[in-house]
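Engineer: Below is one structure. I have some questions about it.
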Amino acid sequence: MSDEHLVPPGARFVGTREVGTAEGFVDTPEHDLGLSSPRGKQRRSEWVQLLLEALHYRVTQVGLAMFLLIVTLVVVGPYVAPHSPFEFVTDPYAKPSAIAWLGGDCLGRDVLSRVLCGGRSVLILSFSATAIGMVLGVSTGLVAGYARTVVSEVIMRGLDVLLAFPQIVFVLLLISVLGPQRWLLVLGVGVTLAPPIGRVVYGTTMNVKEGDFVLAAESLGVSHLEIISSEILPNIVSPLMVEFGLNLTFAIGTIASLSFLGFGMQPPAPDWGLMINENRVGLVIQPYSVLVPTALIAILAIGANLVTDGVAHAMIGLERDTGSA
Amino acid sequence: MSRIILTVRDLEIALDPSGVEVDRDVNLELVEGEVLGLVGETASGKTTAATSLLNFQRRGAKIVGGSIRIDDRDVLALGGSQLRELRGGVISYVPQDPGSALNPALRIGPQLREVLEFHGFGNSEAERRTRIEEMMAEVLLPSTEEFLRRYPHQLSGGQQQRVVLAMAFACRPKIIVLDEPTTGLDVTTQAHVLDTIRDLVTAHRVAAVYVTHDLAVVAELTDRIAVMYAGRLVEIGPAAELFAGASHPYTRRLLQAVPVLTGRRTLEGIPGFAPRPGHRPAGCAFAPRCSYAVAKCSAEMPPEEIVGQMHRVRCWRHKEVETQAPLLAHDDDRPLESCGQEGLITVRVTAWYGSREVLHDIDITLRARECLALVGESGSGKTTLARCIAGLHRFRIEGDIAFQGKGLPRLARDRPRAIRHAIQYVFQNPYSALNPRKTIAQILSQPLRIFFDYTRDQREDRLAEVLDLVSLDDTVLSRYPDQLSGGERQRVAIARALAAEPTVLICDEVTSWLDVSVQASIIQLLVRLQTEIGLCMLFVTHNLALIRSIAYDVAVMSEGRIVEYGPTDDVLADPQVDYTRKLLADTPKIEVAQLKT
Amino acid sequence: MLSPVLKIILRRLAFGLLTLVVISVLVFAATQALPGDTATAILGKSATPERVKVLEKQLGLDRPLYEQYFSWVAGILRGDFGNSLVGTMLPVTQMIGRRLMNTLALMLIAALIDVPTALVLGSLSGRFRDGLFDGFVSVGSLTFAALPTFVIGIMLILAFATQILQILPAVSRIEPDASVWSQMDLLWLPALTLALASAPFAVRMLRGSMIEVLESDYVQMARLKGTPERLVLQRHALPNAIVPFIQVVALDLAWMIGGVVTVEYLFNFPGIGALLVSAVSDRDVPVIQALVLLIASAYVVFNLVADILTILVTPRLRTGLQ
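Residue numbers (the working numbering), protein chains in the order written: chain L, 8 to 332; chain W, 23 to 619; chain X, 27 to 348.
Put into structure tokens, the structure is as follows:
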């Protein structure tokens, strides 16, 4: 861990670890003692297990429902929209009517249709950005955490510099140079997501590397690459899942914000963030054109966050039980 | 006849909120001025029982029944300010880890003063100051302004523990509960702390409950012993009587597993392992592992029976147990014979850790088919040396490590395959030596894949062979490390080393994290392996008593140097160097108990 | 020689300075290392090769890169950020000046709402862990933490400024030259938005540190010594909980800087966030450079202050042992 920032900038806090006692079983919840459903000899791959474990929590169930609801809407939406999102079907800021169930937007297009078609960009762009961030963050964190040489220090310092920019500001900087392009959005947001992920992976990798089983592999002469993939990676899967969830939530927020500011999808595209911006002038007259896309973004983001929280709780339970390195 | 000041009846503690039972039917009493050793291994419930004496449990456990009477007041019925008065004033607690028990943000002066303030001790600052000076003098610490202004992290481990002791004795309580207070301290510091405890207890006629798993310490310090197993008190009585010949099979087996410093003894472990909370049978929990067990034992929990003055036991068959011959300190007087083999590995090195020189001019030889013990305190460099030989030392080494006459590259990675498989290493911590995300089968197959070209069937056969060598059932193959006990995990670690068909086995403190009885089994295993396979072994440990059972030669290390080197029997019987003499003198000896009668 | 504390602090300062230099290079490289694009972009439709060349010369874009960089830095150290490329081409410093004050005022109000609330909510939910209160706070934090800042803003507008309660103005219309303080009621909604957006993180971190402290060995030990509960919290828990608190506040403030951008845009608040958005739309390079540098520097400074305060407050670090 870089010791230059005692709390790394951009740190996010998920939960608290239970502290074990001298006898080691006092803080262990019942099911970890193998008292209810035994963990059994059969174990599926870890991330599946983590998800199943997380589903026991109310938080995950509610969050997953919310998230899947929006995803379904986004996928199915365009096929069930009554009108084209670009068609002018009524008066600007018209009240809800038979033609336009949610009324008209600032130019008289059907709010309902635009809403049904407007989620795709948010979802796809956020997922892509998160994926890029994960790939970049994990690779840098893994290498830096494993190598522990001057190179790692340089890499981590580099990440620290990136962390000195608020996410949005960094992307705005890029946009000011290259214009509002979708690939830039994805890349820019992805790059800003990488440093916090990198830090977490760096810290976790260093921890795992302290485990004697890594030394054991070294003494057998196992190659560095194989150690990383077969000894270290499996031990960071759980925290990585949590990081994915957290960053997806952030990405959704950032991408929606950028569209809201006018730097994401451009008119006349039906994008939720863009819609909110376009229609807010007429907020008092026709709230639905703002309210509905706002609510949808909110539900999507909250759902993602709740699921992540559930997975994080499950991870803490899993770590305690298996004595994760 | 001294009076009894503490009586515990039917104490019951359970996990919270699940209600799973941790301790049950615990009855004990404490006599004024005596030291009661509360002994047990992992999952025995001894720590939870000890803290309940102050009506305290950590998050996750709750006291659900029973009574604890100190001078006719039931501690468990007290609450609020009455309980606070009791804690620190009438009964104090000394925790296991002094470093984390002291507030890192406060200087030690105020932390000492607090205890006096809260119990209304002294009517003025001056009086309290005097008392603090007395307290510090008693624990052999300075009471200068400079010292009292220090923060906890500016003290050594031993000093921290003594500050905590001073706090505990400050208000002259009647009872003190000490929870493994010398864990983590090196032998010399431990000896000091034990002396301090002994002096304080005698000087102030304080009764003490000393929780520990170290029977040698118990032998030197305690008057009576209470043995716990799986949450129940199985035997309690005068130390001398228990050491001479216990009434409970577990006590007996436990005593048989403790290594002895002044002679050789065949260490025997106990097959099986202790059941965790929630997995305990209806009858006696020890029955599955007990050689005296009959049907009744598993069906019904034996009641407490009196077998002597203040000596009780819970066993249906204690009469048979008592007829056994008394336990011997040494049972093996044959001199260890060297096989007179030639040197297999010669080591002449100086090594660094970063820019610091940590090993100076080492010169030792490992002989084929023999075991060399490497002994020293933490920081002496023994692990560093072991790692150098194994090729795991990342920093600079100057000198030469030769295997069968040929020099070895520094890192294992750079060594030819034939050498890598010939020299194998077993780690200290069984909880960290196995990848928690791999099955045992995967872990054990790794060396097979790397060193040998086996077909699948051959591999399976070899796995079965190797498990058999370490006495493990092949059902472990599909399990994950967290499903095994500490002892089983260490066996797997040894199996992994054996799977590579080594000539040299380096064991780095392989029993330090294990219970006494488990340690004995592992030592048994290692001795057997050494004779059966003819391994050359380097046995690293800080426990001097252990080496007699296993090593022909011993090298004693201190601060990166080998200070004494020779046959085990000779070195231990007649050490030539002051350091070794002091080490021997400071090591607690269980034999002391035998001589006490 | 220097006391160990001073040495550590100087090291941190040096690193902070280095970070600033690297950031300045990055900002410069991002905006000016592509001269053709910049000039072309500025001229837009009226870009002909000759015009581009003339503009480049005017902006000094034809000089070697490092020369451009150093003259830019020299200017900054003199307080001269150049002139805006649009509109009346005012000096950047002038454009930023008043707006910076406004943004700082906004952040201050937001912090005054956010920090005490987070402290209370975090400490109480940590103290009474797993209770009903903790549950509510937890769900609340999860919810607000997920929402993008502008969504929170919209929700507040919908709640307070439209149908439900017509209390506060939806859009800030502060006279350009009047000070923000004279029109406080226009500050509340944006400040509340900022506060609600950053509070959840602070609450969770404070809750976590509270739990860690209350379940630490030394607090248990204090209870086992017979310390009255009030003093346990005051004397043993509090000094150890302060450190994370400082870090949380610094993180919070730093985070707010980013949130300011969308909030000001949404509420049309005349601060540097809104200025940045319009500068990006207009490709107003000098303004963008100045603002990004300013924001990044603020981040670095906040973290530096947090680190230094942490060192001063932690005995272990103060005495130089690391």
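Here a beta-carbon is modelled for each residue, glycine too, at the ideal position from N, C-alpha and C.
(1) Are the beta-carbon atoms belonging to residue 232 of chain W and residue 59 of chain W less than 8 Å from one another?
(2) Along the chain, where does the beta strand (DSSP E) that runs through residue 604 of chain W open and close?
(3) Quick check: is the beta carbon of residue 157 of chain X nearer than 8 Å to any beta carbon in chain W?
(4) For my contact list, residue 261 of chain W and residue 244 of chain W are in at a C-beta cut-off of 8 Å; report their separation, rounded to the angstrom.
(5) Report the CB separation of residue 255 of chain L from residue 137 of chain L in whole angstroms; it is logged as a contact under 8 Å.
(6) Got a sec: which bits of the region 130–162 of chain X sit with their beta carbon under 7 Å from any beta carbon on chain W, in order along the chain?
(7) I'd like the span of the alpha helix (DSSP H) that includes residue 374 of chain W, first residue to last.
(8) Using a C-beta cutoff of 8 Å, does residue 78 of chain W count as contacting chain L?
(9) My assumption, with CB atoms under 8 Å, is that residue 228 of chain L sits in contact with residue 411 of chain W. Please give the rounded CB distance.
(10) Could you pull the start and end residues of the alpha helix (DSSP H) that residue 84 of chain L belongs to?
(11) Out of curiosity, what's the CA-to-CA distance linking residue 551 of chain W and residue 465 of chain W?
(12) Use the C-beta contact count for residue 396 of chain W: other C-beta atoms within 10 angstroms, 16 or more gives buried, fewer gives exposed.
(13) To which residues of the same chain is residue 193 of chain L closer than 7 Å at the C-beta, ignoring the five residues directly before and after it?
(14) Between the region 93–116 of chain X and chain W, which residues of the former have a C-beta closer than 9 Å to a C-beta of the latter?
(15) Which same chain residues end up closer than 7 Å to residue 476 of chain W when comparing Cβ atoms and leaving out the 5 residues on each side of it in sequence?
(16) Check this for me: beta carbons of residue 314 of chain L and residue 70 of chain L, under 8 Å apart or not?
(17) Hey, does residue 468 of chain W have any beta-carbon neighbour from chain L nearer than 8 Å?
(18) Quick one: what does DSSP say residue 99 of chain W is sitting in, helix, strand or coil?
(19) Taking a contact to mean a Cβ-Cβ separation below 8 Å, would you say residue 269 of chain X touches residue 336 of chain X in this structure?
(20) For residue 431 of chain W, does the count of other Cβ atoms within 10 angstroms reach 16, so buried, or fall short, so exposed?
(21) Whole angstroms are fine: how far does the CA of residue 187 of chain W sit from the CA of residue 569 of chain W?
(22) Do residue 141 of chain L and residue 251 of chain L have their beta-carbon atoms positioned less than 8 Å apart in this structure?
(23) Got a sec: is the Cβ-Cβ distance from residue 381 of chain X to anything in chain W below 8 Å?
(24) Below 8 Å on C-beta distance, what does residue 53 of chain L contact in chain W?
(25) Check whether the Cβ of residue 247 of chain X lies closer than 8 Å to any Cβ atom in chain W.
(26) Where in the region 161–189 of chain L do unbroken runs of the beta strand (DSSP E), each at least 3 residues long, occur, reported from the N-terminal end onward?
(27) Sorry if obvious, but does the Cβ on residue 302 of chain W come closer than 7 Å to a heavy atom of the ligand ADP?
(28) In three-state terms, what does DSSP make of residue 84 of chain W?
(29) Measuring only between beta-carbons, confirm whether residue 218 of chain L sits less than 8 Å from chain W.
(30) For residue 311 of chain L, which residues in chain W fall below 7 Å Cβ to Cβ?
(31) Using DSSP's beta-bridge definition, name the partner residues of residue 146 of chain W.
(32) Give a yes or no on whether the minimum CB-CB distance between residue 3 of chain W and chain X is below 8 Å.
(33) Start and end of the alpha helix (DSSP H) containing residue 60 of chain L?
(34) Work out the CA separation of residue 29 of chain X and residue 198 of chain L for me, nearest whole Å.
(35) Does any residue of chain W bring its CB to less than 8 Å from the CB of residue 244 of chain X?
(36) Ignoring anything shorter than 3 residues or poking outside the region 127–204 of chain W, list the beta strand (DSSP E) runs there in chain order.
Structural biologist: Taking the coordinates as given:
(1) yes
(2) Note, residue 604 of chain W: premise wrong, no beta strand (DSSP E); alpha helix (DSSP H) at 600–608.
(3) no
(4) 5 Å
(5) 5 Å
(6) none
(7) Taken as a continuous stretch (DSSP letters only), residue 374 of chain W belongs to no alpha helix (DSSP H), being part of the beta strand (DSSP E) at 365–375.
(8) no
(9) At roughly 15 Å, the Cβ-Cβ gap does not stay under 8 Å, so residue 228 of chain L and residue 411 of chain W are not in contact.
(10) 65–87
(11) 21 Å
(12) buried
(13) 132, 135, 136 and 139
(14) none
(15) These residues qualify, in order along the chain: 470 and 484.
(16) In contact: residue 314 of chain L and residue 70 of chain L (Cβ atoms closer than 8 Å).
(17) Interface residue, yes.
(18) Collapsing the DSSP output to three states places residue 99 of chain W in a helix.
(19) yes
(20) With a threshold of 16 other beta carbon atoms within 10 Å, residue 431 of chain W falls short and is exposed.
(21) If you draw a straight line from the Cα of residue 569 of chain W to the Cα of residue 187 of chain W, it is about 32 Å long.
(22) yes
(23) Residue numbering for chain X in the displayed model covers 27 to 348; residue 381 of chain X lies beyond these limits and cannot be assessed.
(24) 459
(25) yes
(26) none
(27) Among the components modelled here there is no ligand, and therefore nothing to report on the ligand ADP.
(28) Strand at residue 84 of chain W.
(29) yes
(30) Here the premise fails: no neighbours, minimum Cβ distance about 26 Å.
(31) For residue 146 of chain W, which the question treats as bridged, DSSP gives no partner whatsoever.
(32) Examination of residue 3 of chain W is not possible in this model, given that chain W is present from 23 through 619 alone.
(33) Element bounds for residue 60 of chain L: 53–61.
(34) 40 Å
(35) yes
(36) Look at the region 127–204 of chain W and you find these whole runs of beta strand (DSSP E), each 3 residues long or longer: 197–201.
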